[in-house]
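Have a look at the structure below, then the notes.
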Amino acid sequence: ILLRGSGFFLTMLAFNSIEFNQVLLIFSVFSLAWLLGLVVPGAPGGVGIFEATALALLEQKFSPSIVLSAVAFYRLISVLSETFAAALAWLDQQNQQ
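So that you can map any letter, position 29 of the sequence shown is 45 in the working numbering, and since no number is skipped, the others follow by simple counting.
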C-alpha cells in the first residue's frame with residue numbers, strides 16, 4: 017500500500033502543489049479509500065468507492081476538480097500498470113514452455 021499511496025501522492029502533486037503538512041492527509045485518505053474499496057462487496061476493484069471516499073475527504077483541502085482529475089488519472093495509471101504486469105507474466109510463462 018505504501019507504493020500505491022506514493023503513486024497517488026505523486027499524481028496529486030502533478031495536478032496541484034502540496035504543502036508539507038498535507039502529505040500525511042493525502043496518505044491517510046488514500047489508505048482509508050483504498051481499504052474501503054477493497055472490503056466493500058459488489059464493487060470490482062473498489063471502483064466508485066475509492067473515488068467517492070477520496071473526493072469526500074479531500075475536497076475540504078483541495079479543489080474537487082483537482083481531486084477528481086488526480087483520482088481518475090491514478091485509476092488509469094493503476095489499471096495500465098496492472099495490465100502491463102500481467103502481460104509480462106504471461107510472456108514469461110510462454111517463454112518457459
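For every residue, glycine included, the Cβ atom is placed at its ideal position computed from N, Cα and C.
V56 and I42 look like a contact to me (Cβ under 8 Å); what is the Cβ gap, rounded to whole Å? Here residue 56 corresponds to residue number 40 of the sequence shown, with the count starting at 1. Here residue 42 corresponds to residue number 26 of the sequence shown, with the count starting at 1. Their Cβ separation, rounded to whole angstroms, is 21 Å, which puts V56 and I42 out of contact at 8 Å.
Simplified DSSP state of Q110, which is helix, strand or coil: Here residue 110 corresponds to residue number 94 of the sequence shown, with the count starting at 1. Reduced to three states, the DSSP call for Q110 is helix.
Are V70 and A101 close, meaning C-beta to C-beta below 7 Å? If you number the sequence shown from 1, residue 70 lands on position 54. If you number the sequence shown from 1, residue 101 lands on position 85. The residue asked about is misnamed: residue 70 is Ala in this sequence, not Val. Not in contact: A70 and A101 (Cβ atoms no closer than 7 Å).
Within 10 Å of its beta-carbon, does T99 have 16 or more other beta-carbons around it, so buried, or fewer, so exposed? Locating residue 99 in the sequence shown gives position 83, counting from the first residue. Sixteen is the threshold: since fewer than 16 other Cβ atoms of the shown chains lie within 10 Å of the Cβ of T99, the residue is exposed.
Please classify F24 as buried or exposed, where buried requires at least 16 other C-beta atoms within 10 Å of its C-beta. The residue you call residue 24 lines up with position 8 of the sequence shown. F24 should be labelled buried.
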